[in-house]
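In this text, residue positions in the sequence shown follow our numbering: the first is 6, and each later residue adds one.
Ideal Cβ placement from N, Cα and C applies to all residues, glycine included.
Working notes for the structure below.
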Amino acid sequence: MFGFGKKKGQNDNQQPLQSESLETQQDEVTLPDENEVEATTVDKPTHKEEAEKAEKRGFFSRFSSDKEESGSETNDTSTDTDTPKEESKKGLFGRLRERLSRTRTNLGDGLGNLLLGKKDIDDDLLEELETRLLVADVGIEATQTILDELPNRLKRRESDDPEALMKALKEGMLELLAPCETPLETADQQPYVILMVGINGAGKTTTIGKLAKQFQNQGKSVVLAAGDTFRAAAVEQLQEWGRRNEIPVIAQQTGADSASVLYDAVESAKAKRADILIADTAGRLHTQTNLMEELKKVKRVMQKLDNDIPHEVMLILDASTGQNGVHQAQQFHEAVGITGITLTKLDGTAKGGVIFAISKQLGLPIRFIGIGESINDLRPFNAEDFVEALLS
Numbered sequence: 006m007f008g009f010g011k012k013k014g015q016n017d018n019q020q021p022l023q024s025e026s027l028e029t030q031q032d033e034v035t036l037p038d039e040n041e042v043e044a045t046t047v048d049k050p051t052h053k054e055e056a057e058k059a060e061k062r063g064f065f066s067r068f069s070s071d072k073e074e075s076g077s078e079t080n081d082t083s084t085d086t087d088t089p090k091e092e093s094k095k096g097l098f099g100r101l102r103e104r105l106s107r108t109r110t111n112l113g114d115g116l117g118n119l120l121l122g123k124k125d126i127d128d129d130l131l132e133e134l135e136t137r138l139l140v141a142d143v144g145i146e147a148t149q150t151i152l153d154e155l156p157n158r159l160k161r162r163e164s165d166d167p168e169a170l171m172k173a174l175k176e177g178m179l180e181l182l183a184p185c186e187t188p189l190e191t192a193d194q195q196p197y198v199i200l201m202v203g204i205n206g207a208g209k210t211t212t213i214g215k216l217a218k219q220f221q222n223q224g225k226s227v228v229l230a231a232g233d234t235f236r237a238a239a240v241e242q243l244q245e246w247g248r249r250n251e252i253p254v255i256a257q258q259t260g261a262d263s264a265s266v267l268y269d270a271v272e273s274a275k276a277k278r279a280d281i282l283i284a285d286t287a288g289r290l291h292t293q294t295n296l297m298e299e300l301k302k303v304k305r306v307m308q309k310l311d312n313d314i315p316h317e318v319m320l321i322l323d324a325s326t327g328q329n330g331v332h333q334a335q336q337f338h339e340a341v342g343i344t345g346i347t348l349t350k351l352d353g354t355a356k357g358g359v360i361f362a363i364s365k366q367l368g369l370p371i372r373f374i375g376i377g378e379s380i381n382d383l384r385p386f387n388a389e390d391f392v393e394a395l396l397s
């Protein structure tokens, strides 16, 4: 009835971001002397381009204060001027709804306008619903699941009631997302080791900063590991941010073996009896086999110290990549066993519906969503709030 065989979803073959090259290395690493576990001093990169400096300044300014409320997580030039009191009045839900405006305009408002004045729920209307869901990157499988359940959710007398249809849509979408609402629990291990992975530009370093600050605000001791030893200034960024927030950063020089850095970091976090260790890694495309093999090596080397680590392998996905994000998640999951997903940049895309495709096709826990640059804009995922914000 819904014509799924005839509809075309979003292009699954979007061009991914460009990636730097990394040479695949052997598992053998030089294990550190027990007295050399602390962070080492890193020489500054030889090239100091102005653009690079600007990038670092922008990164540091995001986390210099808990009360800082800057603009969008994307490249928008708009600035968020909400004070804490205004934030409280607006409420967390209001801010979530505001930040999902692009996807909501594409999906929620579109559905509302579609149903306005309708007296009958007919096949033409359902076809249009299908189109709206696909355009928002909900994906073919998730769209079919949502629409196939509509007749069962609508009582016969409600078949001509647009409000009842909207309620049924919300129920179907919530049922799809709810199983993936799994908060990150860190209390059982010390240190609890989080390995951050993802492609270039997805927001790994930014997410590390926000997450570390949130843990610190909860009274937990945090150690960071600068495992992205390839990207210029990546080590410096993490070190400077750690210095400003009094968080230890375990690092070696740019170009060092990432696996060795993370081995050092685990040793150091254990020695410090830290609560949390967050380990950065270099961005890599999911399609580049040699780089995915290098990531497998990183995990194997860490497990030489403790077979249970990392306790969390967190994939950072940029929501604006749409259906390509599903393929990224599949490839990273096959390589290193993803245990949780953080979906970033939802404030800057109309493709936020990809979260439904991820839930339907992968069923992996969605730990956090990113809806802006503020520390508090990295939020634990709540399925009910998310659906309500999209369709209210």
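Three-state class that DSSP yields for residue i in the structure shown
i    : result
A362 : helix
F235 : coil
I252 : coil
D127 : coil
I145 : helix
N110 : Correcting the residue identity first, residue 110 is Thr in this sequence and not Asn. If DSSP states are grouped into helix, strand and coil, T110 belongs with the helices.
L200 : strand
L134 : helix
R2   : With the chain running from 6 to 397 in the structure shown, residue 2 is simply not present.
E378 : coil
E241 : helix
E393 : helix
E186 : strand
K350 : coil
R102 : helix
Q333 : helix
N205 : coil
G224 : coil
A217 : helix
T191 : coil
G247 : helix
G96  : helix
L119 : helix
L367 : coil
L290 : coil
E60  : Per-residue confidence for E60 stands at a pLDDT of 48, beneath the threshold of 50, marking its modelled position as unreliable; the derived number appears in the next sentence. E60 falls in the helix class under three-state DSSP.
Nearest-angstrom beta carbon gap, residue j and residue i [assumed within contact, 8 angstroms]
i    : j    : result
K304 : V341 : 5 angstroms
L320 : V227 : The pair is not a contact, with the Cβ atoms about 20 angstroms apart (cut-off 8 angstroms).
L396 : K160 : No, L396 and K160 are not in contact; Cβ-Cβ is about 20 angstroms, not under 8 angstroms.
F386 : E186 : 6 angstroms
V331 : I371 : The Cβ separation is near 13 angstroms, so there is no contact.
Q336 : H291 : 4 angstroms
D285 : L243 : 6 angstroms
T108 : A388 : Actually they do not touch by this definition, with Cβ atoms about 15 angstroms apart.
D293 : I252 : According to the sequence as given, residue 293 is Gln; it is not Asp. With a Cβ gap of about 31 angstroms, Q293 and I252 do not count as contacting.
V266 : I283 : Incorrect: roughly 13 angstroms between the Cβ atoms, too far for contact.
A141 : L181 : Not really, about 14 angstroms apart at Cβ, beyond 8 angstroms.
I204 : Q333 : 6 angstroms
A394 : R102 : 4 angstroms
G208 : D323 : 6 angstroms
Limits of the unbroken beta strand (DSSP E) element including residue i
i    : result
R158 : That residue, R158, is in no beta strand (DSSP E); its alpha helix (DSSP H) goes 155-158.
F386 : First-last for F386: undefined, no H or E at that position.
Q344 : A small fix is needed here, since residue 344 is Thr in this sequence, not Gln. Note, T344: premise wrong, no beta strand (DSSP E); not H, not E.
A230 : 227-230
Alpha helix (DSSP H) segment containing residue i, residue limits
i    : result
L320 : L320 -> not in any alpha helix (DSSP H); beta strand (DSSP E) instead, spanning 317-323.
N295 : 294-307
E176 : 167-182
I314 : I314 -> no alpha helix (DSSP H), and no H or E assigned at all.
Item checked: Complete runs of the beta strand (DSSP E) confined to the segment 256-287 [at least 3 residues] -> 281-284
Next item on the list: May I ask you to verify whether the segment 222-241 touches the segment 255-262, counting CB pairs closer than 8 angstroms and requiring at least 3?
Entry: yes
Margin query: Does the segment 332-351 come into contact with the segment 192-212, if we say contact requires no fewer than three beta-carbon pairs (one atom in each stretch) closer than 8 angstroms?
Written below: yes
Note to self: For the segment 376-385 against the segment 246-253, do three or more pairs of beta-carbon atoms, one drawn from each stretch, fall closer than 8 angstroms, so that the two count as touching?
What the structure shows: no
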